[in-house]
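In the working numbering, the protein residues as written are 30 to 213. A short worksheet on the structure shown next.
Shown next, in the form of structure tokens:
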């Protein structure tokens with residue numbers, strides 16, 4: 030079974046590389062958290078507690094005046110229409126382990142100042158989406174896939190989304206320096 034998974038991963042990685050080459054001229058600018066107006070949030074929606082934490086964080090960002098777009102991942106094949114956010118699940122993963130579907134396409138069509146993967150653990154499907162997303166700054170968990178994120182966060186408690194958020198906000202606060210013209 031590992032051989033089959035390795036073959037699928039090989040095709041996924043080749044597909045990702047070819048799509049990234051097409052996007053190599055993507056315009057990116059420096060952005061800090063205070064100035065960001067649009068935020069894309071990708072999160073693990075399987076666990077109710079993690080889902081509620083992500084939704085609460087999205088609400089917090091909205092109250093700060095940021096336009097937030099959500100995409101949840103359910104690690105199952107079961108569909109649900111009860112959610113107010115776009116999502117994808119195992120049904121939306123093709124043979125080459127690439128996420129697809131209407132919610133994924135809609136999310137990837139958006140342009141974001143900051144893209145945040147709210148998960149302290151890596152996920153190959155979410156990494157694929159993050160790598161292809163049009164964002165000036167991409168934040169996510171520590172991974173070997175360097176195309177997915179500009180800022181990778183490694184938290185001690187690998188199960189706590191709140192620890193991930195705290196660590197991320199602490200780092201972003203330190204980098205929120207505004208550069209102005211120097212006086213002559």
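Every residue gets a Cβ at the ideal spot worked out from N, C-alpha and C, and that includes glycine.
Spatial neighbours of residue 75 within its chain, please: CB distance less than 8 Å, with the 5 preceding and 5 following residues excluded, ordered by chain position. Working through the chain shown from its first residue, we reach residue 75 at position 46. Same-chain partners within the cutoff: 102, 103, 104 and 105.
Inter-stretch contact (C-beta, 8 Å, three-pair minimum) for the stretch 33-48 and the stretch 125-132: yes
Rounded Cβ spacing between residue 194 and residue 147 (contact assumed at less than 8 Å): The sequence position of residue 194 within the chain shown is 165, counting from 1. The sequence position of residue 147 within the chain shown is 118, counting from 1. With a Cβ gap of about 7 Å, residue 194 and residue 147 count as contacting.
Is DSSP giving residue 68 helix, strand or coil here? Within the chain shown, numbered from 1, the residue matching residue 68 stands at position 39. Residue 68 falls in the strand class under three-state DSSP.
Return the bridge partner residues of residue 118 from the DSSP annotation. Translated into positions along the chain shown, residue 118 becomes position 89. Paired residues: 103.
DSSP three-state assignment for residue 144, whether helix, strand or coil: Reading the chain shown from its first residue, position 115 is the one you call residue 144. It is a strand residue.
Residues bridged to residue 130 by DSSP? Here residue 130 is taken as the residue at index 101 of the chain shown, counted from 1. Beta-bridge pairing links residue 130 to no other residue.
Exposed or buried, which one is residue 118 when buried takes at least 16 other CB atoms within 10 Å? Walking along the chain shown from the start, residue 118 turns up at place 89. Per the 10 Å Cβ criterion, buried.
Would you report the Cα separation of residue 45 and residue 161, rounded to the nearest angstrom? Locating residue 45 in the chain shown gives position 16, where the first residue counts as 1. Locating residue 161 in the chain shown gives position 132, where the first residue counts as 1. So the two alpha carbons sit approximately 8 Å from each other.
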